[in-house]
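If you're matching positions, the sequence shown starts at 2 in the working numbering and goes up one per residue. Just so you know, even glycine gets a beta-carbon here, dropped at the ideal spot from N, CA and C. No experiment lies behind these values; they were computed from the predicted model shown. Right, one structure below, let's go through it.
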Amino acid sequence: MVRSMTGFGRAKLTIDGLDVTVEIKSVNHRYFEFTSRLPRGCNFLEEKLKSFCAQYITRGKVEASVMIDDCGEGNTEVEVNSAYAASLVSKLNKTAEELHIENDVKMSSLILLPDFLNVKKRTLPDETVTAAVLKAAEEAVCGFVEMRETEGARLKGDINGRTDFILKQVKFIDERSPKTVAAYRERLEKKIKELLGDKTVDEQRLLTETAIFADKVAVAEETVRLKSHITQLNDLLNAGGAVGRKLDFIVQEMNRETNTIGSKAQDAEITRAVVDMKSEIEKIREQIQNIE
């Protein structure tokens, strides 16, 4: 299935007392480029997440964001700095005696001191954190890929509609081209008769000039190649996978053949058809820039 390079997926799981949220998003890019936003102290996740995402993503600028909240039971330990408190109270009592004032130090006052309580968060092994994050990433990437495939299907449908239109224009050109040669012969014969008056028209010369013109405006080879390129393009769209670069090359070839047809055109209707085709090819090219 064809995939867009634009996607977003999010998952939130609670594993081993960890609330883990992973977001994966991507936008268009020529190659695979990965960046991450990680909690402090979790830089060890960078390469693991990059390798994980590379299994599902071939092209695109990808960003993975990870948020971790340790909510497990017993994950926090509080220590009272008793030595610090005892020393402080002793000094305050001594100062109060020297100044002959009442020492009204209470526990509520000590708690407010920055060094009185030492709160320690549990330290989890890197392997535990990695397993939890990758588990959440697996769920996030499912939504991410689904969004890419949905958008890819929409792009495929749009491109198919435009190639159908181009094929109709190619058919029109194939049918119109012989008529332009016949019309040229008629114009040439009429002009010669006007110039020669009653003299006999040299039929052989007329045939020669007509043949030269026919060769000059012949576009059969170009239309055959153009139809072949469209077939290749549709086959790639149906095959799916990371076909964006191949599609881009084929569209360049389609544009080249169409330009050649336009340069050979000696007919207003064919020129109009070429202009319409070029417009559709440009729109296809723009859409393909979004395909992985």
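Would you mind sorting LYS157 into buried or exposed? The rule is 16 or more other CB atoms within 10 Å of its CB. The sequence position of residue 157 within the sequence shown is 156, counting from 1. The residue is buried, with at least 16 neighbouring Cβ atoms inside 10 Å.
Tell me which same chain residues have a C-beta within less than 8 Å of the C-beta of ILE160, skipping the five on either side of it? The residue labelled residue 160 in the question sits at position 159 within the sequence shown. Same-chain partners within the cutoff: LEU234, LEU238, ILE285, GLN288 and ILE289.
Grouping DSSP H, G and I as helix and E and B as strand, with all else coil, what is THR15? The residue labelled residue 15 in the question sits at position 14 within the sequence shown. Residue state, collapsed to three classes: strand.
Distance between ILE282 and VAL276 (C-alpha atoms, nearest Å): Stepping through the sequence shown from its first residue, residue 276 is reached at position 275. Stepping through the sequence shown from its first residue, residue 282 is reached at position 281. If you take the alpha carbons of VAL276 and ILE282, they lie about 10 Å apart.
Selection from THR131, HIS230 and SER66 that minimises the alpha carbon distance to LYS49: Along the sequence shown, one-based indexing puts residue 49 at 48. Comparing Cα-Cα distances from LYS49 to each of THR131, HIS230 and SER66, the minimum goes to THR131.
Going by other Cβ atoms of all chains shown within 10 Å of its Cβ, with 16 needed for buried, is ARG124 buried or exposed? Counted from its first residue, the sequence shown places residue 124 at position 123. The question names Arg, but residue 124 in the sequence shown is Thr. Exposed, by the Cβ-count rule.
Between which two residues does the alpha helix (DSSP H) containing PHE53 stretch? If you number the sequence shown from 1, residue 53 lands on position 52. 46-55 is the span of the alpha helix (DSSP H), which, as asked, contains PHE53.
Report the CB separation of ARG155 from GLU270 in whole angstroms; it is logged as a contact under 8 Å. Position 154 of the sequence shown, counted from the first residue, corresponds to residue 155. Position 269 of the sequence shown, counted from the first residue, corresponds to residue 270. Their Cβ separation, rounded to whole angstroms, is 33 Å, which puts ARG155 and GLU270 out of contact at 8 Å.
At the level of alpha carbons, what is the spacing between SER27 and GLY61? Here residue 27 corresponds to residue number 26 of the sequence shown, with the count starting at 1. Here residue 61 corresponds to residue number 60 of the sequence shown, with the count starting at 1. Approximately 6 Å between the Cα atoms of the pair.
In the DSSP assignment, what residue or residues form a beta bridge with VAL3? For this step, residue 3 is matched to residue 2 along the sequence shown. Answer is GLY242, bridged to VAL3.
Kindly list the residues whose CB is nearer than 6 Å to the CB of GLU64, restricted to its own chain and excluding five residues on each side of it in sequence; keep chain order. Reading the sequence shown from its first residue, position 63 is the one you call residue 64. Only LYS26 and THR36 meet the Cβ criterion.
Beta-carbon separation of LYS24 and SER66 under 8 Å? In the sequence shown, residue 24 corresponds to position 23, counting from 1. In the sequence shown, residue 66 corresponds to position 65, counting from 1. Lys is not the amino acid found at residue 24; the sequence shown has Glu there. Yes; because the gap between Cβ atoms is below 8 Å, this pair is in contact.
LYS51 versus GLY162 - alpha carbon distance: Locating residue 51 in the sequence shown gives position 50, counting from the first residue. Locating residue 162 in the sequence shown gives position 161, counting from the first residue. Near 37 Å, if we compare the C-alpha coordinates of GLY162 and LYS51.
Three-way DSSP call (helix, strand, coil) for ALA141 in this model: What you label residue 141 is simply residue 140 of the sequence shown in a count that begins at 1. DSSP places ALA141 in helix when its eight states are reduced to three.
Do ALA133 and ASP236 have their C-beta atoms within less than 8 Å of each other? One-based indexing of the sequence shown puts residue 133 at position 132. One-based indexing of the sequence shown puts residue 236 at position 235. Not closer than 8 Å, so no.
Flag this pair as yes or no: are the beta carbons of MET148 and PHE9 separated by less than 8 Å? Translated into positions along the sequence shown, residue 148 becomes position 147. Translated into positions along the sequence shown, residue 9 becomes position 8. Against a cut-off of 8 Å, the Cβ pair of PHE9 and MET148 comes out as a contact.
Roughly how many angstroms separate the alpha carbons of ASN260 and LYS279, rounded to a whole number? In the sequence shown, counting from the first residue as 1, residue 260 sits at position 259. In the sequence shown, counting from the first residue as 1, residue 279 sits at position 278. Taking the straight line joining both Cα atoms gives about 8 Å.
For ALA141, does the count of other Cβ atoms within 10 angstroms reach 16, so buried, or fall short, so exposed? Indexing the sequence shown from 1 puts residue 141 at position 140. ALA141 is buried by the Cβ-count criterion.
Just how far apart, CA to CA, sit ASN44 and ARG38? Position 43 of the sequence shown, counted from the first residue, corresponds to residue 44. Position 37 of the sequence shown, counted from the first residue, corresponds to residue 38. If I take the Cα positions, the gap works out to 9 Å.
DSSP has VAL21 in a bridge; who is on the other side? The sequence position of residue 21 within the sequence shown is 20, counting from 1. The partner list for VAL21 (beta bridge, DSSP) reads LEU14 and ILE69.
First and last residue of the uninterrupted beta strand (DSSP E) at GLU295: The structure shown does not extend to residue 295, since the chain spans only 2 to 293, so no value can be given for it.
Answer with buried or exposed for LEU113, where buried requires no fewer than 16 other C-beta atoms within 10 angstroms of its C-beta. Here residue 113 refers to the residue found at position 112 when the sequence shown is read from its first residue. Exposed is the call here.
Boundaries (first-last residue) of the alpha helix (DSSP H) holding THR96: Walking along the sequence shown from the start, residue 96 turns up at place 95. Counting along the chain, the alpha helix (DSSP H) containing THR96 begins and ends at 83-100.
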